[in-house]
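Enquirer: Numbers in this note's numbering are just positions in the sequence shown, counted from 1, shifted up by 1. C-beta atoms are modelled at their ideal positions from N, C-alpha and C, and glycine is treated no differently. Here you go, one structure.
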Amino acid sequence: MGTSASKNPDSSQENEDREENLDHAGGQLYVSLKMVNYKLKGELIPHVYGSVPLVGSWDPSKALSMERESTSMWELSFVVPPNHETLDFKFLLKPKHNNVPCLVEEGPNRQLIGGTLQGDARMALFKVNGEDVLEYCVFIKADRVSPFDLAASWRAYQENLQPSTVRGIPDVSINAAPEIGNENGSSASLELDLEHYVVPAPAASANSGHVYAANLTETPRSITHGGVFSNYDGPNKSAVVSADRAWIRKDMEVAVPDPSKVYSTSGMVESKSVGTFSPFQKQDGQRGLFVDRGVGSPRLVKSASASAFTNDLKLDSESKAMPAAAGAVAAAAVADQMLGPKEDQHLAIVLVGLPARGKTFTAAKLTRYLRWLGHETKHFNVGKYRRLKHGVNQTADFFRADNPEGMEARNEVAALAMEDMISWMQEGGQVGIFDATNSTRKRRTMLMKMAEGKCKMIFLETVCNDERIIEKNIRLKIQQSPDYAEEPDFQAGLRDFKARLANYEKVYEPVQEGSYIKMIDMVSGQGGQIQVNNISGYLPGRIVFFLVNAHLTPRPILLTRHGESRDNVRGRIGGDTVISEAGELYAKKLANFVEKRLKSERTASIWTSTLQRTILTASPIIGFPKIQWRALDEINAGVCDGMTYEEIKKNMPEEYESRKKDKLRYRYPRGESYLDVIQRLEPVIIELERQRAPVVVISHQAVLRALYAYFADRPLKEIPHIEVPLHTIIEIQMGVTGVQEKRYKLMD
Numbered sequence: 002m003g004t005s006a007s008k009n010p011d012s013s014q015e016n017e018d019r020e021e022n023l024d025h026a027g028g029q030l031y032v033s034l035k036m037v038n039y040k041l042k043g044e045l046i047p048h049v050y051g052s053v054p055l056v057g058s059w060d061p062s063k064a065l066s067m068e069r070e071s072t073s074m075w076e077l078s079f080v081v082p083p084n085h086e087t088l089d090f091k092f093l094l095k096p097k098h099n100n101v102p103c104l105v106e107e108g109p110n111r112q113l114i115g116g117t118l119q120g121d122a123r124m125a126l127f128k129v130n131g132e133d134v135l136e137y138c139v140f141i142k143a144d145r146v147s148p149f150d151l152a153a154s155w156r157a158y159q160e161n162l163q164p165s166t167v168r169g170i171p172d173v174s175i176n177a178a179p180e181i182g183n184e185n186g187s188s189a190s191l192e193l194d195l196e197h198y199v200v201p202a203p204a205a206s207a208n209s210g211h212v213y214a215a216n217l218t219e220t221p222r223s224i225t226h227g228g229v230f231s232n233y234d235g236p237n238k239s240a241v242v243s244a245d246r247a248w249i250r251k252d253m254e255v256a257v258p259d260p261s262k263v264y265s266t267s268g269m270v271e272s273k274s275v276g277t278f279s280p281f282q283k284q285d286g287q288r289g290l291f292v293d294r295g296v297g298s299p300r301l302v303k304s305a306s307a308s309a310f311t312n313d314l315k316l317d318s319e320s321k322a323m324p325a326a327a328g329a330v331a332a333a334a335v336a337d338q339m340l341g342p343k344e345d346q347h348l349a350i351v352l353v354g355l356p357a358r359g360k361t362f363t364a365a366k367l368t369r370y371l372r373w374l375g376h377e378t379k380h381f382n383v384g385k386y387r388r389l390k391h392g393v394n395q396t397a398d399f400f401r402a403d404n405p406e407g408m409e410a411r412n413e414v415a416a417l418a419m420e421d422m423i424s425w426m427q428e429g430g431q432v433g434i435f436d437a438t439n440s441t442r443k444r445r446t447m448l449m450k451m452a453e454g455k456c457k458m459i460f461l462e463t464v465c466n467d468e469r470i471i472e473k474n475i476r477l478k479i480q481q482s483p484d485y486a487e488e489p490d491f492q493a494g495l496r497d498f499k500a501r502l503a504n505y506e507k508v509y510e511p512v513q514e515g516s517y518i519k520m521i522d523m524v525s526g527q528g529g530q531i532q533v534n535n536i537s538g539y540l541p542g543r544i545v546f547f548l549v550n551a552h553l554t555p556r557p558i559l560l561t562r563h564g565e566s567r568d569n570v571r572g573r574i575g576g577d578t579v580i581s582e583a584g585e586l587y588a589k590k591l592a593n594f595v596e597k598r599l600k601s602e603r604t605a606s607i608w609t610s611t612l613q614r615t616i617l618t619a620s621p622i623i624g625f626p627k628i629q630w631r632a633l634d635e636i637n638a639g640v641c642d643g644m645t646y647e648e649i650k651k652n653m654p655e656e657y658e659s660r661k662k663d664k665l666r667y668r669y670p671r672g673e674s675y676l677d678v679i680q681r682l683e684p685v686i687i688e689l690e691r692q693r694a695p696v697v698v699i700s701h702q703a704v705l706r707a708l709y710a711y712f713a714d715r716p717l718k719e720i721p722h723i724e725v726p727l728h729t730i731i732e733i734q735m736g737v738t739g740v741q742e743k744r745y746k747l748m749d
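As structure tokens, this is what we get:
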């Protein structure tokens, strides 16, 4: 159960300082308990019982069974929630084959406070028949570890089905909780026919079918409906800076590592010959790279060795100076936090790569990410321009380098797409993503000359050497691309596309000029390299960080709110109450759903906030590691926490009206706005992109609205109004074909 807040200001400050120290100590508390007796052959099973969070009572019938590690050793490991770091417990023995009374450990209770054992270490003594004494050696170990180290350790155990070690961290047995008894409703009685619970997704939601990503790109404005070019030269060549960009941050100069180095995601340790980087670094500086420490987005900074990313978890100076006044926060302050310094106001990301290397899907993912962060971003696909101008029936001969008419036509549409992108930037756009093969140095030089003095240009080259992935991408291209929509013969289309690909391969020149990012064999998410050259600035560094973690491996992400809480029943916002009876029923149904939906996904994980209504909702789910994120906590309602909207309207009418006018930017007094929530959720998005296994996220309405908007590519202004009902699961399917959505409503 949650701890109550102290009314003593000094005591409250002490608790706050203690929590901050615990946070910076390196993550969550992992406890391992072991008992050893070399004489007994296993007729007595060691158990542990005690206070929350072990079982929640001192009832021996609910004690947790320890698992046999060897013929003489028994072990139990678990993760301690941050608000329950004082453990009060004892060991007991239960006979294996009968129900005779169990043996309780002699002596006082054992106490573990913040990972430190109180009193002297001692053996566990048990009296048999009031006379004989059984002795067990006891080993108690507590470590603070990153949630992701815990999850990786769990996966290693699940995959190997035997004890092993991941980065020096013992394997964890998570969720060793007793099964829910029949007194509260049997799990078996909640068998679900998953399709029975499917409900339609909102009309404006993520695409439910397979959509070719290039079709979702910017519609060419340089081409009339009749397919004739117009001489569009942009109404205003000077940049138009909107009022919400008045505040410029000047403390974000270093955002990327040494650009002369190569960053590989295939290794786990730093190489001395070349600088390497992986999300799974061993060094202390990288542990807990993605762990959020509260409100505010982490920044990439240069490490002491200048060869690896680290996190600066402190709030920026501008964040501290940002107005904390009640009511709608100044849009300029928050918007500029997202936009970064002036040098990044106009940024062109120019894709480079052979066909079927994942350029368009990479561009689409990057566009979605930057839009969600608040950067005005558009995706310009040159193929879309070509199809509108020259039709969809061009054969492979059109793409030959020795076809002067074809070369002229392709360069012409590329130039028009670049002109459109630059004009859009000068009208207020920030990041343009230019999607084409751009496979020769001559083409890239043309683009650089067009952009000179108007925007900063970075080439993003995608390289794939895996023939299986290339073949799969080619087949998807034939199935989805409008270029082959009128070709009824799949094999004929396949032959034509491979001939087109051969034409590009003959003249392809890898990027070696200008500022560039090379993604080498990164598509599968199974390793690879990212090379960066001449990259500087806050936003380019953020883009590199995203690309290091992104991949196209298909996997589902399940989003759901916690079960109905007591504050939900009372109509109160915020708070940290337990769940209602309806919420408890949903928790059981959710556990049943997850077990059935992810029964073959042994490496899946459950993510919750640190508030007890999400932890309680997740508690019936067994067999998967559970990770708590403070970043997933509900929007902070500040002084309005615990109030109803009617009470706010009556007692704080100005606040009520301010929120009503602009829910996106409105910040609760001493609380947060939706834009603040988005900023603190960025590490969660990065980690969701990095995951190759399914993830179940159990969180809160405002937080899930923001997460859902990322996957569905919804505009920021819509986020506060997205429908995320209680007792409903939103399944997001991520993969090479894009993002699809399915909704399951388990209860009314």
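Determine which residues share a DSSP beta bridge with Tyr-50 and list them.
Expert: Lys-91
Enquirer: Rounding to the nearest angstrom, what Cα-Cα distance links Arg-111 and Phe-594 in this structure?
Expert: 38 Å
Enquirer: Compute the minimum distance between the beta carbon of Gly-375 and the heavy atoms of the ligand SAH, and state whether it is under 6 Å.
Expert: In terms of ligand content, the structure shown is empty, and the ligand SAH therefore cannot be addressed.
Enquirer: How about Lys-97 and Ile-141: do their beta carbons lie closer than 7 Å?
Expert: no
Enquirer: How would you label Tyr-711, buried or exposed, when you count the other beta carbons within 10 angstroms and need 16 or more for buried?
Expert: buried
Enquirer: Tell me whether Asn-667 sits in a helix, a strand or coil according to DSSP, three-state version.
Expert: First, the residue type needs correcting, since residue 667 is Tyr and not Asn in the sequence shown. Strand.
Enquirer: How about Pro-557 and Gln-734: are their beta carbons less than 7 Å apart?
Expert: yes
Enquirer: Quick one: grab the DSSP three-state call for Phe-1.
Expert: This structure cannot settle anything about residue 1, because the visible part of the chain is limited to 2 through 749.
Enquirer: Would you mind sorting Tyr-669 into buried or exposed? The rule is 16 or more other CB atoms within 10 Å of its CB.
Expert: buried
Enquirer: Can you give the Cα-Cα distance for Ala-486 and Gln-480, rounded to whole angstroms?
Expert: 8 Å
Enquirer: Counting Cβ pairs closer than 8 Å, one from the region 674–682 and one from the region 641–653, do we hit at least three?
Expert: Contact between the region 674–682 and the region 641–653 is absent: fewer than 3 CB-CB pairs across the two stretches fall below 8 Å.
Enquirer: Just to confirm the assignment, what range does the beta strand (DSSP E) spanning Val-1 have?
Expert: Shown here, the chain extends from 2 to 749; a query on residue 1 therefore has no answer.
Enquirer: Leaving out five residues on either side along the sequence, give the residues of the same chain with a beta carbon under 6 Å from the beta carbon of Val-353.
Expert: Within the same chain, Val-353 has close Cβ partners Asn-439, Phe-460, Glu-462 and Val-512.
Enquirer: Could you spell out the range, first to last residue, of the alpha helix (DSSP H) harbouring Ser-659?
Expert: Where Ser-659 is concerned, the enclosing alpha helix (DSSP H) stretches over 654–662.
Enquirer: Apart from the five residues on each side of it in sequence, which residues of its chain come closer than 7 Å, Cβ to Cβ, to Met-644?
Expert: Arg-573 and Ile-574
Enquirer: Can you tell me which of the three DSSP states Val-609 falls into?
Expert: The sequence given here has Thr at residue 609, not Val. Correct three-state label for Thr-609: strand.
Enquirer: Can at least three beta-carbon pairs, one atom from the region 495–514 and one from the region 394–404, be found at a separation below 8 Å?
Expert: Touching, yes, given that three or more Cβ pairs across the two stretches are closer than 8 Å.
Enquirer: Let me know if Tyr-517 comes out buried or exposed under the rule of 16 or more other beta-carbons within 10 Å of its beta-carbon.
Expert: By the neighbour-count rule (16 or more Cβ atoms within 10 Å), Tyr-517 is buried.
Enquirer: Pair every Cβ in the region 432–450 with every Cβ in the region 383–399, then say whether three or more of these pairs are closer than 8 Å.
Expert: yes
Enquirer: Short of 7 Å in beta carbon distance, which residues of its chain neighbour Leu-689, apart from the five on each side in sequence? Order them along the chain.
Expert: Ile-558 and Val-696
Enquirer: Using alpha carbons as the reference points, say which of Arg-445, Phe-400, Glu-68 and Asn-474 lies closest to Thr-554.
Expert: Asn-474
Enquirer: In this structure, how does DSSP classify Met-735 when only helix, strand and coil are distinguished?
Expert: strand
Enquirer: Taking only three categories from DSSP, how would you classify Met-422?
Expert: helix
Enquirer: Taking Val-81 as the reference, which of Val-725, Phe-127 and Val-146 has the closest Cα?
Expert: Comparing Cα positions, the closest option is Val-146.
Enquirer: DSSP state of Ile-679, grouped into three classes?
Expert: Shown here, Ile-679 sits in a helix according to DSSP, grouped into three states.
Enquirer: Quick one: what's got a C-beta closer than 8 Å to Arg-562's C-beta in the same chain, skipping five residues either side?
Expert: Ile-699, Ser-700, His-701, Gln-702, Leu-705, Val-725, Pro-726, Leu-727, His-728 and Thr-729
Enquirer: Reducing DSSP to helix, strand and coil, say where Lys-40 ends up.
Expert: Here DSSP, grouped into helix, strand and coil, assigns Lys-40 to coil.
Enquirer: With a CB to CB cut of under 7 Å and the five nearest residues on each side skipped, what residues in its chain are close to Tyr-709?
Expert: Leu-560, Ile-723, Val-725 and Ile-731
Enquirer: Would you list, in sequence order, the uninterrupted beta strand (DSSP E) runs of no fewer than 3 residues that lie entirely inside the region 542–582?
Expert: 556–562
Enquirer: Over the uninterrupted beta strand (DSSP E) stretch that includes Tyr-505, give me the two end residues.
Expert: Per DSSP, Tyr-505 belongs to no beta strand (DSSP E); it is in the alpha helix (DSSP H), 491–508.
Enquirer: On the criterion of 16 or more Cβ atoms from any shown chain inside 10 Å, does Ala-122 qualify as buried, or is it exposed?
Expert: With fewer than 16 other Cβ atoms from the protein chains shown falling within 10 Å of its own Cβ, Ala-122 counts as exposed.
Enquirer: Closest to Lys-664 by CA distance: which of Arg-671, Pro-654, Tyr-675 and Glu-655 is it?
Expert: Ranked by Cα distance from Lys-664, the first of Arg-671, Pro-654, Tyr-675 and Glu-655 is Tyr-675.
Enquirer: Pick helix, strand or coil for Pro-483, following the three-state DSSP scheme.
Expert: In this structure, Pro-483 counts as helix in the three-state DSSP scheme.
Enquirer: Tell me Val-698's beta-bridge partners as DSSP assigns them.
Expert: Leu-560 and Trp-608
Enquirer: When DSSP labels each residue in this structure, what does Met-520 get in the three-state scheme?
Expert: strand
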